[in-house]
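Let me begin by presenting the structure, written as structure tokens, before commenting on it.
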């Protein structure tokens, strides 16, 4: 199993936009050692590689897709109620350019 | 020379009444933030419920592309933060997409090529953002609109192949009736990966995202091939990176390299329980997949003996192709039906900028019109007049012919009487008749037509005239 280093944690923290103190990185690193030890133990179970990861405990036979019927449940007024500022019903935010899908 | 390898990603918004994970309206409006439900804004406690119709439409495209379909409906979360994504994650598919390992046949200058499909997956669209000098504005109407993303394997080897695939994919979407042509490659656009390789060694992939038109996909490919060729010719290495295409300059610019790759921390969407995809559902959808453009073109050429050009004209718009096929199904000769549909009918549609469904002419009427000419009730010239009347008034050809008294005189005795009358009245010319002078016979035909108001069958008239003129001078 991959070893989690302090550098890894720093990288994840940056990507997740978490501001962390140096000592927090140290404690995380120690916690990960324990977690990974447990993972290794599970990995030692015979035939584990053939077991499919469990996503949900079972498939709920009553679960259904929604019929394609449109209903607008929010008025524009309600939709923009929490916005600090709107211009012609659009929500104004600090300038952001870029992004992706 | 270097070998070019291209992979494509193409987005397409699907038509439906409501959005993919919320019940708000999926449709165009000029009023910002007016087609919304709580799910679209990522309110706390919301539960997304997948739209059955959007799912079925996505499955239809997947099956039309010969993909393997999943055994359960399952979605994943793609986590990233951006103001157009109110939940902080996009519900998409990665674990079990709606289709994997498919293929689409494309026709590149008469050669059929299989384009391999890596996967096609259903996801939600993001909100739209407008950028101004110092601020941005968000309209959430587009958030949660069903979006289908199809990803090819890197198996295309020229700009032409890439663009042919995109056009073929667009026609597949339209033929399947799941979206408008303008939606393909529209919102979310196309992603293009280009690499150049030498002597079988795989090159380094450079990706470009969010290219907003097929035309610009072509420009981006051209630019990247040229840029990467120059780098390799200098003996340098192409860097693995994501670049942005600028449609004003036609150039690409570095956005981020491999080291900056975003980690989306995908995991299965826990709020949408998996739902079994039944065989009944698959069978039901399979029945609705029509014969696609390329297959129809090949059928017209091989089975009906139509030219490549005519076949292409017929399949360009599905409704026109359906109309033509119905003419044939009703018993019309394919070549004759093709002549009417691609000639007079499409000419009329183009001239008036209307669609085939906007005119009162039905396929059975074309079949009847062809029959009227075939059984010599009317001449080809008269058939054009009948057609014009059909398209303007929507009447059946038989009715028009009767109303206008256009029935040809095909009765030998009746034509014979008129011929004799004409010869008698033009005794001098008849005596001077010389079978080698074609103009003379035309004169007599003209006289017969004048007397019958164009209703005498021209071939029969000619035949009787020749016989009688030959006897006349004996």
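Chains as they are written, first to last, in the working numbering: chain S, 30 to 130; chain P, 608 to 1081. By construction, the Cβ of each residue, glycine as well, lies at the ideal position given by its N, Cα and C atoms. Remember, it's a predicted structure, so these values are computed and weren't measured experimentally.
Assigned with DSSP and collapsed to three states, residue 697 of chain P falls in strand. Within the region 79-102 of chain S, the residues whose Cβ lies closer than 8 Å to any Cβ of chain P are, in chain order, 84, 85, 88, 89, 90, 92, 93, 94, 95, 96, 97, 98, 99, 100, 101, 102. Within the same chain, and ignoring the five residues on either side of residue 684 of chain P in sequence, the residues whose Cβ sits closer than 7 Å to its Cβ are 696, 698, 873, 874, 876. Under the rule that a run must span 3 or more residues, the beta strand (DSSP E) segments found entirely inside the region 79-129 of chain S read 119-123. No Cβ of chain P is located within less than 8 Å of the beta carbon of residue 36 of chain S. Of all residues in the region 653-666 of chain P, only 656, 657, 658, 659, 660, 661, 662 come within less than 8 Å of chain S when Cβ atoms are compared, listed by chain position.
Residue 1007 of chain P has its alpha-carbon roughly 11 Å from the corresponding atom of residue 998 of chain P. Residue 100 of chain S sits exposed, since fewer than 16 C-beta atoms from the chains shown fall within 10 Å of its C-beta.
In the DSSP assignment, no residue is bridged to residue 820 of chain P. Contact between residue 647 of chain P and residue 783 of chain P is absent: CB atoms are separated by about 26 Å, not below the 8 Å threshold.
At least one CB of chain S lies nearer than 8 Å to the CB of residue 881 of chain P. Assigned with DSSP and collapsed to three states, residue 676 of chain P falls in coil, not helix or strand. Taking a Cβ-Cβ threshold of 7 Å, none of the residues of chain P is close to residue 51 of chain S; the smallest such distance is about 23 Å. Judged by their CB atoms, residue 985 of chain P and residue 1013 of chain P are nearer to each other than the 8 Å cut-off. Distance from residue 991 of chain P to residue 951 of chain P at the Cβ level is roughly 7 Å; contact confirmed, criterion being Cβ atoms closer than 8 Å. Within the same chain, 621, 785 come within 6 Å of residue 664 of chain P by CB-CB distance, once the 5 residues on both sides are set aside. Straight-line measurement puts the Cα of residue 926 of chain P at about 27 Å from the Cα of residue 98 of chain S. Under a 10 Å Cβ-count criterion, residue 726 of chain P is classified as buried, with 16 or more other Cβ atoms of the shown protein chains found around its own Cβ. Under the criterion of beta carbons closer than 8 Å, residue 771 of chain P and residue 724 of chain P do not qualify as touching, at roughly 15 Å. The beta carbon of residue 743 of chain P sits closer than 8 Å to some beta carbon of chain S. Looking at the DSSP output, residue 861 of chain P bridges to P:850.
Residue 930 of chain P is classed as buried because its beta carbon has at least 16 other beta carbons within 10 Å across all chains shown. The Cβ of residue 42 of chain S sits no closer than 8 Å to any Cβ of chain P. Residue contact check for residue 819 of chain P against chain S: no CB pair falls below 8 Å. Within chain S, the C-beta atoms nearer than 7 Å to that of residue 738 of chain P come from 124, 126, in chain order. The alpha-carbon of residue 859 of chain P is positioned some 10 Å away from that of residue 826 of chain P. For the pair residue 656 of chain P and residue 682 of chain P, the CB atoms are not nearer than the 8 Å cut-off.
Proximity of chain P to residue 121 of chain S at the Cβ level (cut-off 7 Å) is accounted for by 742, 744, in chain order. Beta-bridge annotation (DSSP): residue 720 of chain P is paired with P:713.
Residue 39 of chain S places its beta carbon less than 8 Å from that of residue 54 of chain S. In this structure, residue 746 of chain P and residue 78 of chain S do not form a Cβ contact; the two beta carbons are roughly 48 Å apart against a cut-off of 8 Å. The C-alpha of residue 670 of chain P lies about 17 Å from the C-alpha of residue 883 of chain P. Less than 8 Å divides the Cβ of residue 709 of chain P from the Cβ of residue 673 of chain P.
For residue 690 of chain P, the chain S residues whose Cβ falls inside 9 Å of its Cβ are 120, 122, 123, 125, 128, in order along the chain. Note that the C-beta distance between residue 754 of chain P and residue 787 of chain P is not below 8 Å. Residue 941 of chain P sits away from residue 975 of chain P, with the two beta carbons spaced by 8 Å or more.
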